[in-house]
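Undergrad: The structure follows.
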Amino acid sequence: MSEKVIPAVRIIEDGEVRTTVEAAFGLHNSKAYIRYQMPKEGSSFDIEIGVHFMEKENYLKAILKTPESFEAFYGQIMFGREMLKKGKETVSQKWIMVKDNVSNKALAVINNGTYGASYTEQELGITLLRSAGYTSADFIMGKALQEEQWAPRMEQGERFYRFRICGGPVSEIDNTIDREAVAFNEEPYGFSYCPLEEGNRSGQFITIDNPRVIVSAVKKAENFEGYILRLYESTGKRAEANIRILDGEIQEKVLLNGFEVKTYKIDMDGKCLIETGLIEDF
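Numbered per this note's numbering, the sequence shown finishes at 300, counting up by one with no gaps.
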């Protein structure tokens, strides 16, 4: 181990693709680091947070300061989005966003598994941990958790988080945030596989030309031999999209109302999509 004291904030990577800045923090018996991974191109960047949290009865939040107070606070819900209440702890899924239609500015935070957030004045807070005792809320007879003896606490210990910060005009972020969040959360698996490099390269399985139309699922059907494609519109506005499957073997145009969910059977014999119900009633 080196006895050299390193700066609390330092650049640990600076290449042609990105620059990474790492900052180290400490509080009582807790430690944390934050890595800001900033690409040389584009308007988004990633944040990685690692924390060893040993506090009691405390919230741990990641706070992002916004340059101004935005008028609206939104979060993703199942097959859609909703406006969240500012100044309160809220719940959402893959992303949260603040935006202002007058100034035409939007800022979104994509997460990979955190659901609590708040927005007050110019502080966007992402809830990471809550070190409460197990079923230990205080009540009329006093404190339920005896502090003179050891007792387990939930959400203590080592945790890791990843976020992507996206900024830009309101329409751009509105239209692309759901697709960006899907790609960030549902990244492909990596396999140790060495092909012979013989034969033809496979084409793209599915492409959609409208970023507002999201693929919710492509899976084997439950009630028949074949596959199911499930789509939804993510912004609350009517949309149409051209679907290409198996490098163009199947080509269809679909129409969806705002937040509408549609399920299709992929008919390989007829080279088409056949609309069905959510419970695949074939």
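For each residue, glycine too, the CB sits at the ideal point set by N, CA and C.
Note that the coordinates shown come from a computational prediction; the quantities given were computed from them, not determined experimentally.
Under the rule that 16 or more other beta-carbon atoms within 10 Å means buried, what is V35, buried or exposed?
TA: The residue you call residue 35 lines up with position 17 of the sequence shown. With fewer than 16 Cβ atoms within 10 Å of its Cβ, V35 is classed as exposed.
Undergrad: Is A3 helix, strand or coil by DSSP?
TA: Nothing can be reported for residue 3: it is not among the residues displayed for the chain, which extend from 19 to 300.
Undergrad: Output needed for K280: all residues of its chain with C-beta closer than 8 Å, excluding positions within five of it in sequence on either side, in chain order.
TA: As a first step, residue 280 is located in the sequence shown; it is residue number 262 there, counting from the start. Contacts found: R248, L249, Y250, V272, L274, E293.
Undergrad: So, with DSSP's three-state summary, where would you put R197?
TA: Taking the sequence shown and counting its residues from 1, the one referred to as residue 197 is at position 179. Three-state DSSP puts R197 in a helix.
Undergrad: Quickly, what does DSSP pair N13 with across the bridge? List them, please.
TA: No answer is possible for residue 13: it lies beyond the span of the chain, which begins at 19 and ends at 300.
Undergrad: Report, in whole angstroms, the separation of the C-beta atoms of A79 and L146, which I expect to be a contact under 8 Å.
TA: As a working mapping, residue 79 is identified with position 61 in the sequence shown. As a working mapping, residue 146 is identified with position 128 in the sequence shown. Position check: residue 79 holds Lys in this sequence, whereas Ala was assumed. Contact flag correct, Cβ pair sits at about 6 Å.
Undergrad: If you count every other CB in all the chains shown that lies within 10 Å of the CB of V27, and 16 or more means buried, which is it?
TA: Mapped onto the sequence shown, residue 27 falls at position 9. Under this definition V27 is an exposed residue.
Undergrad: Quick check on the burial criterion: 16 or more other C-beta atoms within 10 angstroms. Buried or exposed for K283?
TA: Position 265 of the sequence shown holds residue 283. Flag for K283 reads buried.
Undergrad: By the three-class DSSP mapping on this structure, what secondary structure does S210 have?
TA: Indexing the sequence shown from 1 puts residue 210 at position 192. Looking at S210 - three-state DSSP - the assignment turns out to be coil, as it is neither helix nor strand.
Undergrad: Going along the chain, which residues of its own chain have a beta-carbon closer than 8 Å to the beta-carbon of G254, five neighbours each way excluded?
TA: Here the question's residue 254 lines up with position 236 in the sequence shown. These residues qualify, in order along the chain: G98, R99, G276, F277.
Undergrad: I306 by DSSP, collapsed to three states: which one?
TA: The requested residue 306 does not occur in the structure, where the chain is confined to residues 19 to 300.
Undergrad: For the stretch 126-140 and the stretch 102-110, state whether three or more C-beta atom pairs, one from each stretch, are separated by less than 8 Å.
TA: Verdict: yes, contact present.
Undergrad: State the DSSP-derived secondary structure class of I191, mapped to helix, strand or coil.
TA: Position 173 of the sequence shown, counted from the start, is the residue given in the question as residue 191. Note: I191 maps to helix in three-state DSSP.
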